[in-house]
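Below: one structure, written as structure tokens.
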Amino acid sequence: MRYAFLDEDAKKEIRRATLKAVAIPGYIVSFASREMPIARGWGTGGLQLTLSLIKEDDTLKVIDQGCDGSVNAVNMRNFITSVTDNKTTLDTLEATLIQTRHRIPEEELQEGQILVFQVPMPDVLETVEPDTAKAKVMHANADYSKLWVLLYEDTSQFGDSRISNRYPVMVENRYAMDPSPIPKYDTIKLGDSKALQLFGAGREKKIYAIPPYSDVKPLKFEDREFKVETFEDKYCQRCGNSGVFLDQVYDNNGEINYYCSDTSYCDKTLEKKGK
399 MRYAFLDEDA KKEIRRATLK AVAIPGYIVS FASREMPIAR GWGTGGLQLT
449 LSLIKEDDTL KVIDQGCDGS VNAVNMRNFI TSVTDNKTTL DTLEATLIQT
499 RHRIPEEELQ EGQILVFQVP MPDVLETVEP DTAKAKVMHA NADYSKLWVL
549 LYEDTSQFGD SRISNRYPVM VENRYAMDPS PIPKYDTIKL GDSKALQLFG
599 AGREKKIYAI PPYSDVKPLK FEDREFKVET FEDKYCQRCG NSGVFLDQVY
649 DNNGEINYYC SDTSYCDKTL EKKGK
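What follows is the structure, given as structure tokens:
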């Protein structure tokens, strides 16, 4: 009986692509994306990475938009545990393998941890160059002028970039990369991370990576500050946390309430307070 759903040949092929991606930070590597028991576009790339890398002694955590209990996270976790015997956790620091959809955990990741991103669109040039053949040549030549023009047009018209997520980053001063639809708040966490960060796009059949302690910086003009989402004077109405990424939730009266996006971090705070 094979472990973790995928056959060994599939795992080897995905691992080879992953090794190449790690060896060339930010570079997009093609792989033979397999059919999975979920539709493409719902996280098959991240799922294949997780299933090819997970070992019997790994502790798994799955989050969706920071939440451990959302539909995507629960279904992914249930499927992975149905084809493995792995222990699962809600604690970020206890996990050795974390699969995420569009958020980076609030707590700093540590050496030995792997963060796997579910990616819908892997190529950062897609918004400015729809021709994939031309985009490959642009990557090869490190020609990102069209991205800079996009940022310049936004800055000249609106004072800042209108990109709210998937903000382009430069990896090791060589490849421009799409960090998946994480908010700007998380973009600055990509650089100098102690954990290995892997990105899988199943529908597009692409894998790319950011090795630990890599230099990752958002694309920005030298005279412009990179601004992230701020929640000044706001706090989580459940645990009281401030200085974290908060979700806006409207109640039945139309009033806005704020809650921690990272539910595990919120629960930890409540435990420390003895609630």
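Numbering of the sequence shown is given in the numbering used here, commencing with residue 399 and proceeding in unit increments. Yeah, the Cβ is synthetic: ideal placement off N, Cα and C, and Gly gets one too.
Rounded to the nearest angstrom, what separates residue i and residue j at their Cα positions?
i	j	result
residue 570	residue 450	26 Å
residue 429	residue 442	13 Å
residue 636	residue 664	8 Å
residue 497	residue 558	31 Å
residue 509	residue 555	42 Å
residue 421	residue 415	10 Å
residue 671	residue 631	21 Å
residue 484	residue 477	11 Å
residue 486	residue 457	5 Å
residue 408	residue 474	19 Å
residue 578	residue 479	25 Å
residue 669	residue 492	16 Å
residue 423	residue 650	46 Å
residue 626	residue 501	14 Å
residue 405	residue 466	28 Å
residue 639	residue 587	19 Å
residue 606	residue 549	24 Å
residue 565	residue 455	35 Å
residue 504	residue 609	19 Å
residue 521	residue 576	6 Å
residue 427	residue 597	10 Å
residue 470	residue 511	21 Å
Taking DSSP's pairing of strands, which residues face residue i in a bridge?
i	result
residue 598	516, 605
residue 667	Per DSSP, none; premise fails for residue 667.
residue 462	465, 499
residue 436	Bridge partners of residue 436: none, in fact.
residue 428	604
Can you name, in chain order, every residue of its own chain whose Cβ lies under 7 Å from the Cβ of residue i, other than the five neighbours on each side?
i	result
residue 481	402, 403
residue 507	513, 591, 592, 593
residue 655	635, 647, 649
residue 432	404, 408, 446
residue 489	662
Excluding the 5 residues flanking residue i on each side, which residues of the same chain have their C-beta closer than 8 Å to its C-beta?
i	result
residue 411	429, 430
residue 611	590, 591, 592
residue 553	559, 619, 622
residue 523	533, 536, 537, 542, 544, 545, 574
Any idea if residue i is buried or exposed, counting beta-carbon neighbours within 10 angstroms, 16 or more meaning buried?
i	result
residue 595	buried
residue 464	buried
residue 494	buried
residue 647	exposed
residue 462	buried
residue 400	exposed
residue 528	exposed
residue 567	buried
residue 453	exposed
residue 642	buried
Within the same chain, show all residues whose beta-carbon is closer than 6 Å to that of residue i, passing over the 5 residues directly before and after it, in chain order.
i	result
residue 645	657, 659
residue 459	487, 493, 496
Review point. Hey, is the stretch 526-542 in contact with the stretch 597-605, meaning 3+ C-beta pairs nearer than 8 Å?
Key: Remark: fewer than three beta-carbon pairs, one from each stretch, lie closer than 8 Å, so the stretch 526-542 and the stretch 597-605 are not flagged as touching.
Review point. On the three-pair Cβ rule with 8 Å, is the stretch 614-623 touching the stretch 572-589?
Key: In short, these stretches touch, since the Cβ pair count reaches three.
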